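A.B. asks: Below are the C-alpha cells for one structure; questions will follow.
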C-alpha cells in the first residue's frame, strides 16, 4: 500500500540540472535518447526551463538531481512504512533514489532507505518496478520527533564518445509505502 506517491515529472531541480532533463507526461529522463523513450523535447514534451537540453562533454559522467517533497505523517512511519517503490528505466546509465528524514528541531538529515539500480535492480532498457525495503522488511523508524521527508532522485549516465546514449535513465513514478507499486 502506498502512503505517498508521485510521478517523475513533478520534481524540483536546479536550473543547471533542468537543462539536462526532458519531461513527457509522468516521465523525467536524463537527456534525449536514440533508442527509445523521449527523443527530443517536441510538441508532446515540455521542458521545465527555457533552455534546450545542454550539450554534454562526451566520455564524462552526467547526472541530474531531482527532489520530491514527501507528505507522509510521522504516525504513518511508526505504523509500518518499510520502503520506497520506483518505476524506472536505467538503460545506459543508473538510477539512485534516497528517502531522507530531516529533524525539524536540529536540521540534521538522515538517509532512511535507498535504492541504487546498479545494486538493487536488474538492468533494463524498458521500464520496470522495484520496491526497496529495509533488511527483513522491518518498518522504518524516523530518528526525529518532528520529521520532514523528501526523496532525492539521481539519474546518471556515462556519455559515450560516439554521441548520444540509446536509452537514457528515466523515472515514471515513486512511492513511499509498505508494498510495491501495484500491490
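Numbering (the working numbering), first residue to last: 830 to 1012. We treat Cβ as the ideally placed atom computed from N, Cα and C, and that holds for glycine. Computed from a predicted model, the values in this text were never measured in an experiment.
Consult DSSP for residue 837 and reduce its assignment to one of helix, strand or coil.
C.D. replies: Taking the first residue of the chain shown as position 1, residue 837 is located at position 8. Residue state, collapsed to three classes: helix.
A.B. asks: Does the beta-carbon of residue 872 have 16 or more other beta-carbons within 10 angstroms, so that it is buried, or is it exposed?
C.D. replies: For this step, residue 872 is matched to residue 43 along the chain shown. Reliability fails at residue 872, whose pLDDT of 33 lies under 50, so the model's placement of it is uncertain and the value that follows must be treated cautiously. It counts as exposed.
A.B. asks: Compute the beta-carbon to beta-carbon distance between residue 851 and residue 858, rounded to the nearest angstrom, for a pair I have assumed lies under 8 Å.
C.D. replies: To locate residue 851, count along the chain shown from 1; it is residue 22. To locate residue 858, count along the chain shown from 1; it is residue 29. Indeed they touch by this definition, with Cβ atoms about 5 Å apart.
A.B. asks: Residue 945 by DSSP, collapsed to three states: which one?
C.D. replies: Here the question's residue 945 lines up with position 116 in the chain shown. Residue 945: strand per DSSP, three-state reduction.
A.B. asks: Residues in its own chain within less than 7 Å of residue 955 by CB, not counting five upstream and five downstream?
C.D. replies: Reading the chain shown from its first residue, position 126 is the one you call residue 955. If we look at residue 955 and ignore the five residues flanking it on each side, its Cβ neighbours are 918.
A.B. asks: With 8 Å as the threshold, decide whether the Cβ of residue 959 is near any Cβ in chain D.
C.D. replies: Absent here is chain D; the protein component of the structure consists of one chain.
A.B. asks: With a Cβ-Cβ cutoff of 8 Å, do residue 893 and residue 984 count as a contact?
C.D. replies: Counting from one through the chain shown, the residue named residue 893 turns up at place 64. Counting from one through the chain shown, the residue named residue 984 turns up at place 155. The answer is yes: Cβ separation under 8 Å.
A.B. asks: With H, G and I counted as helix, E and B as strand and the rest as coil, what does DSSP make of residue 847?
C.D. replies: Your numbering for residue 847 matches position 18 in the chain shown. Helix at residue 847.
A.B. asks: My output table needs one value for residue 983: the three-state DSSP class, helix, strand or coil.
C.D. replies: The sequence position of residue 983 within the chain shown is 154, counting from 1. Reduced to three states, the DSSP call for residue 983 is strand.
A.B. asks: Between residue 950 and residue 930, what straight-line distance do the alpha-carbon atoms span, to the nearest angstrom?
C.D. replies: Position 121 of the chain shown, counted from the first residue, corresponds to residue 950. Position 101 of the chain shown, counted from the first residue, corresponds to residue 930. Cα to Cα, residue 950 sits roughly 24 Å from residue 930.
A.B. asks: Where residue 947 and residue 915 are concerned, what is the direct C-alpha to C-alpha distance, given to the nearest angstrom?
C.D. replies: Position 118 of the chain shown, counting from 1, holds the residue named residue 947. Position 86 of the chain shown, counting from 1, holds the residue named residue 915. Spanning the two alpha carbons is a distance of roughly 14 Å.
A.B. asks: Given a threshold of 16 other Cβ atoms within 10 Å of its Cβ, counted over all protein chains shown, does residue 1004 qualify as buried or as exposed?
C.D. replies: What you label residue 1004 is simply residue 175 of the chain shown in a count that begins at 1. Looking at its Cβ environment, which holds 16 or more other Cβ atoms inside 10 Å, residue 1004 is buried.
A.B. asks: What did DSSP end up calling residue 950 once you bin it into helix, strand or coil?
C.D. replies: If you number the chain shown from 1, residue 950 lands on position 121. Note: residue 950 maps to coil in three-state DSSP.
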